[in-house]
Amino acid sequence: MTGPFGWSGSMCVVSACTALALGAASAAADFLPYSLEIEATGDATVDTAIADASLLRSLRDESPVGPFALLARAESDEARLDTVLRSFGYYDAKILIRIAGRESDDPGLLPLLESLPHEPPVDVRISITPGPVYRLRTVRLEGPVPANARAAFDLTPGEPARAQDVLAVGEAVREALREDGFALAEVPPPDALVDHHTRTMDVVYRAEPGPR
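Mapped onto the working numbering, the consecutive letters of the sequence shown carry residue numbers 647 to 858.
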């Protein structure tokens with residue numbers, strides 16, 4: 647049987663199968679397996695949060711990537727891990743990701759990765775220096791908030807400036823207002839100013855109770 651371009655049907659089938667096989671082989675060649683080591687910070691809780699947030703870790707086995715995507719994943723991890731560290735009060739942390747012995751922003755890294763074989767897996771290491779814990783310096787709740795709802799505002803100067811605690815107290819004040827009859831009460835995210843010289847944070851909430 648002859649196809650529309652003069653090829654036999656069997657030749658077309660063989661050619662199609664060959665093309666699919668070559669395409670699959672080419673796609674597989676784009677994948678770059680890697681090993682991963684995340685150095686411990688010394689705080690088990692922080693280490694667990696970092697491991698949970700790392701895309702390099704969570705996607706390593708289930709979502710293979712090529713050289714370019716590996717660098718993009720590392721860049722994403724830097725931002726994600728910085729967010730995690732800030733949530734624990736570390737606002738001046740140093741995050742260093744090395745791939746094949748080079749820093750992830752090294753301009754010569756991509757060509758190097760593109761030239762590497764599949765075996766052994768590329769070595770990826772994440773090292774983190776948390777730095778000092780920043781602390782709350784000024785904490786203030788503004789707005790016509792009744793005393794019983796204001797009692798939910800329990801931030802104290804000198805405490806670690808953990809982002810999760812700072813945000814949680816706003817939620818607590820809002821819920822206290824609503825329980826007190828202010829059904830439309832809102833407590834927007836606070837104005838937070840980080841001072842890297844003194845390693846402190848100033849936090850100001852502006853509550854909007856609305857009608858009771």
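Glycine is no exception: its CB is placed at the ideal position from the N, C-alpha and C atoms.
With distance defined between alpha-carbon atoms, name the residue in the options nearest to residue i.
| i | options | result |
| --- | --- | --- |
| Ala590 | Glu765, Asp826 and Leu717 | Nothing about residue 590 can be read from this structure; the chain reaches only from 647 to 858. |
| Gly816 | Glu832, Ala725 and Pro806 | Glu832 |
| Arg783 | Val730, Lys740 and Leu839 | Leu839 |
| Pro806 | Pro778, Pro792 and Arg796 | Pro778 |
| Asp641 | Tyr736, Tyr737, Ala720 and Pro767 | There is simply no residue 641 to check, as the chain begins at 647 and stops at 858 in what is shown. |
| Arg726 | Asp848, Pro766 and Asp698 | Asp698 |
| Ile715 | Leu830, Tyr680, Thr846 and Phe828 | It is Ala, not Ile, that sits at residue 715 in the sequence shown. Of the listed residues, the one whose Cα sits closest to Ala715 is Tyr680. |
| Asp837 | Arg858, Gly712, Arg820 and Asp848 | Asp848 |
| Ala795 | Leu823, Pro803 and Gly804 | Leu823 |
Quick one: residues in its chain with C-beta nearer than 8 angstroms to the C-beta of residue i, no 5 flanking neighbours on either side, listed in chain order?
| i | result |
| --- | --- |
| Pro835 | Leu813 and Gly816 |
| Leu717 | Ile745, Ser750, Leu755, Leu756 and Leu759 |
| Gly747 | Asp769 |
| His842 | Tyr737 and Asp738 |
| Glu788 | Val850, Tyr851, Arg852 and Ala853 |
| Arg703 | Leu682, Ile684 and Ala697 |
| Ala818 | Ala798, Phe799 and Asp800 |
| Thr802 | Leu782 and Val785 |
Among residues of its own chain, excluding the 5 on either side of residue i, which ones have a beta-carbon nearer than 6 angstroms to its beta-carbon?
| i | result |
| --- | --- |
| Arg786 | Val850 |
| Asp685 | Before going further, note that residue 685 is Glu rather than Asp in the sequence given. Within the same chain, Glu685 has close Cβ partners Ser773. |
| Arg771 | Glu683 and Arg744 |
Hey, quick one: how far does the beta strand (DSSP E) through residue i stretch, first residue to last?
| i | result |
| --- | --- |
| Ala838 | Asp837 to Asp841 |
| Arg786 | Arg781 to Glu788 |
| Asp848 | Thr846 to Arg852 |
| Ser733 | From DSSP, Ser733 is part of no beta strand (DSSP E) but of the alpha helix (DSSP H) over Pro713 to Ser733. |
| Tyr680 | Tyr680 to Ile684 |
Between which two residues does the alpha helix (DSSP H) holding residue i run?
| i | result |
| --- | --- |
| Arg744 | Arg744 -> not in any alpha helix (DSSP H); beta strand (DSSP E) instead, spanning Lys740 to Ile745. |
| Val770 | Note, Val770: premise wrong, no alpha helix (DSSP H); beta strand (DSSP E) at Val768 to Thr775. |
| Leu758 | Leu755 to Ser761 |
| Ser704 | Leu701 to Ser704 |
| Leu813 | Ala809 to Glu825 |
| Asp676 | Gly655 to Asp676 |
| Ala793 | Ala793 to Arg796 |
Would you mind sorting residue i into buried or exposed? The rule is 16 or more other CB atoms within 10 Å of its CB.
| i | result |
| --- | --- |
| Ser700 | buried |
| Arg706 | buried |
| Thr729 | exposed |
Answer yes or no: does any C-beta atom of chain B fall closer than 8 angstroms to that of residue i?
| i | result |
| --- | --- |
| Ala818 | No chain B is part of this structure, which consists of one protein chain only. |
Suppose the cutoff is 7 angstroms on Cβ atoms and the five residues either side in sequence are ignored; what does the same chain contact list for residue i look like?
| i | result |
| --- | --- |
| Pro790 | Pro855 |
| Thr687 | Asp693, Ile774 and Pro776 |
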